[in-house]
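Accompanying notes for the structure given below.
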Amino acid sequence: MKLVKSLLLSSAVGLTAVASAQAADLPFRKAAPVEYVRVCDFTGAGYFYIPGTDTCLKVGGFVRAEYAYVSPSASFFPAVSTAVGGVVIPGGTRINSNLRDVSGFFARGRIEVDARTQTAYGTLRTFVRYEITKANGVYQGSSTSQQGFTNQSGSNANVDKAFVQFAGFTAGRVQSFFDFYADNYNMEGIANSDQSTQVFAYTATFGGGFSATISAEDPTIRRDGIGNGEFNSPLNLAAGGVSSDLGYGSVRIPDFVGVVRVDQAWGAAQLSAAYHEVAVISPTTFGNIQKDGFAVQGGLQFKLPMLAAGDDIWLEGAYQQGAYLYQDSAGTLNSGVNSAFLGGFQHIDHDAYAFANANGTSTVSLSKGFSVMGALHHYFTPNFSDVLFGSYEEVSYGNRARNTDWTLGGIGDASEYRIGNQFIWTPVNNLGIYVEAVYAHIDQTLAHNPGVAASALPVGIKKDPSSFEGRLRVERDF
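FYI, the numbering for the sequence shown is -23 to -1, 1 to 455, going by mature numbering (1 follows the signal peptide of the UniProt record, and there is no 0).
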């Protein structure tokens, strides 16, 4: 028995020694050191280095929920057929108030990524902002009686911004360089230029906050259509007149924008100018006509720290000929508060109106108009602030338009003012609760033949309509 135990112990010791020797021969790899995420030292807060690269990245976005209500009223579309929300409404159409959506819900999610890399030529920046929207009711404009709020219609996903910046050059989809205030505070649009578009641009900086930009921008974003005047009026067609297919032609050249700007501790100032080609074509009936449209704009922002931290005031004015959407990106003047119809007589604005001549040709009259706006933001406490904002605008189309009765496709002069107030409560960082109210009113003349009173409007249709809108918004930024 002792002999057996000795043999077993000897075998166990031998096996242990062999196993130890084999283990010592196995390859061994040390764990790689952990590369912790580093905060970028040449950018603002929120940027971090992508591990293993020299590129800094910032990820952000928001979730936004809204509810809106617009006061109901009946609408009347004049002689000229008008495309609204993608649906053609024949001239002489009346839309009763009970056929219009007057309230609706809106939800939007936004994700954005900002990547920056230092180079010998300065910072190389790439930015992408993607939005997903769900909307109904007055936001969507689902019926033939109305159009949704501008840039908020329907349920969709879209690239709001996507651009590259390098050595002063900007290429991609950005806020138009023409814009200044661009509806910075108000939810409901007022009369000012606020448009995302595709550009190729160059910005030169001169020190002291001064800069100058030249930009070639997508002209289709700023096209507000061609009105066909008396061509398509019911009276003209009933008398055997020729209908018109005049409209914007194919894209030939971009819009050209020039900007001079200064940003300093007191605020900012900007002067903008834009060229917009109005190329009118008729594939079947009338000849082609080319007109030169343009717009100019000046804006000021004054910071008011003497009142409260974060306070400021914005002032802006614009003038245009044949380029209405540089005056008011909300769209047509009498399409209501930012394209939710005010109701009443629908004065439909365009970049130009076409009228028939006796010799079978046509005359094109460019729109002429201006807009002014102001907005004051004041903090009562760090968590509660208020914005008071408003705008005024006018537009006209010359003697030929105003001296043709509206039943024959004429269009009179018009002016509009909008005034609103917004309360903002931020109970915690990056959470905002907004309540906004806006009132809008239009004064307009009914176009009529010289020496003859304008044709009467249908019973119950207002020549000078007004509208009230209220909105509630909850937004979480990150």
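Glycine included, C-beta positions come from ideal geometry on N, C-alpha and C.
{"Asked": "If the criterion is Cβ atoms closer than 9 Å, does the pair Tyr356 and Ala286 meet it?", "Found": "yes"}
{"Asked": "Between the alpha carbons of Leu76 and Asp31, how many angstroms are there, rounded?", "Found": "58 Å"}
{"Asked": "Do Asp382 and Leu324 count as a contact pair if the criterion is CB distance below 9 Å?", "Found": "One detail in the question is off: residue 324 reads as His in this sequence, not Leu. Contact flag unset, no."}
{"Asked": "Using the Cα positions of Thr422 and Val237, report the straight-line distance between them to the nearest angstrom.", "Found": "37 Å"}
{"Asked": "For Ser48, which three-state DSSP category applies?", "Found": "coil"}
{"Asked": "Any idea if Ser227 is buried or exposed, counting beta-carbon neighbours within 10 angstroms, 16 or more meaning buried?", "Found": "exposed"}
{"Asked": "What is the rounded straight-line gap between the Cα of Ile72 and the Cα of Asp288?", "Found": "43 Å"}
{"Asked": "Just to confirm, are Val273 and Tyr301 a CB contact at a threshold of 9 Å?", "Found": "no"}
{"Asked": "Let me know if Gly320 comes out buried or exposed under the rule of 16 or more other beta-carbons within 10 Å of its beta-carbon.", "Found": "buried"}
{"Asked": "Bridge partners for Asp363 per DSSP, in chain order?", "Found": "His355 and Phe400"}
{"Asked": "Let's test the definition: count the other Cβ atoms within 10 Å of the Cβ of Arg229 and tell me whether it reaches 16, buried, or not, exposed.", "Found": "exposed"}
{"Asked": "Just to confirm my understanding: we take Gly389, look at its own chain, exclude 5 residues before and 5 after, and list those with CB closer than 6 Å. What are they?", "Found": "Arg379, Gln421, Thr422, Leu423 and Ala424"}
{"Asked": "Between which two residues does the beta strand (DSSP E) containing Arg448 stretch?", "Found": "Ser443 to Asp454"}
{"Asked": "If we count the other Cβ atoms within 10 Å of its Cβ and call it buried at 16 or more, is Ser362 buried or exposed?", "Found": "buried"}
{"Asked": "Taking 8 Å as the cut-off, is the CB of His425 close to at least one heavy atom of the ligand GDP?", "Found": "No copy of the ligand GDP occurs in the structure displayed, which carries no ligand at all."}
{"Asked": "Enumerated in chain order, which unbroken segments of the beta strand (DSSP E) with a length of 3 residues or greater are wholly contained in the region 233 to 261?", "Found": "244 to 258"}
{"Asked": "Only counting the same chain, and skipping five residues up and downstream in sequence, which positions put a Cβ closer than 6 Å to that of Val40?", "Found": "Gly86 and Arg453"}
{"Asked": "Would you kindly check if the distance between the Cβ of Ser348 and the Cβ of Tyr369 is under 9 Å?", "Found": "yes"}
{"Asked": "Just reading off the alpha helix (DSSP H) that Asn376 is part of, what are its end residues?", "Found": "Asn376 to Arg379"}
{"Asked": "Name the residue from Phe366, Ala92 and Met164 whose alpha carbon lies nearest to the alpha carbon of Val412.", "Found": "Met164"}
{"Asked": "Short check: CB of Ser170 to CB of Ser306, under 9 Å?", "Found": "yes"}
{"Asked": "Measuring straight from C-alpha to C-alpha, what distance separates Ala159 and Ala251?", "Found": "16 Å"}
{"Asked": "Look at the Cβ atom of Arg102, then the Cβ atom of Gln152, and state whether they are nearer than 9 Å.", "Found": "no"}
{"Asked": "Would you mind stating whether Gly375 and Gly204 have Cβ atoms separated by less than 9 Å?", "Found": "no"}
{"Asked": "For Val234 versus Ala178, is the C-beta distance shorter than 9 Å?", "Found": "yes"}
{"Asked": "When you compare only the Cα positions, how much space is there between Ala139 and Ala329?", "Found": "32 Å"}
{"Asked": "Bridge partners for Asn135 per DSSP, in chain order?", "Found": "Glu108"}
{"Asked": "Which one or two residues does DSSP pair with His418 in a beta bridge?", "Found": "Tyr394 and Ser443"}
{"Asked": "Whole angstroms is fine: what's the gap from Gln399's alpha carbon to Val436's?", "Found": "36 Å"}
{"Asked": "Around the Cβ of Ile410, are there at least 16 other Cβ atoms within 10 angstroms (buried) or fewer (exposed)?", "Found": "exposed"}
{"Asked": "Quick check on the burial criterion: 16 or more other C-beta atoms within 10 angstroms. Buried or exposed for Trp291?", "Found": "buried"}
{"Asked": "Consult DSSP for Ile27 and reduce its assignment to one of helix, strand or coil.", "Found": "coil"}
{"Asked": "On the three-pair Cβ rule with 8 Å, is the region 40 to 52 touching the region 11 to 29?", "Found": "no"}
{"Asked": "Under three-state DSSP, which class holds Ser339?", "Found": "strand"}
{"Asked": "Could you name the residues of the same chain whose beta carbon sits closer than 8 Å to that of Pro442, not counting the 5 residues immediately before and after it, in chain order?", "Found": "Ser50, Asn311, Leu319, Gly320, Gly321, Phe322, His418 and Ile419"}
{"Asked": "What separation, rounded to the nearest whole angstrom, lies between the Cα atoms of Gly149 and Thr180?", "Found": "14 Å"}
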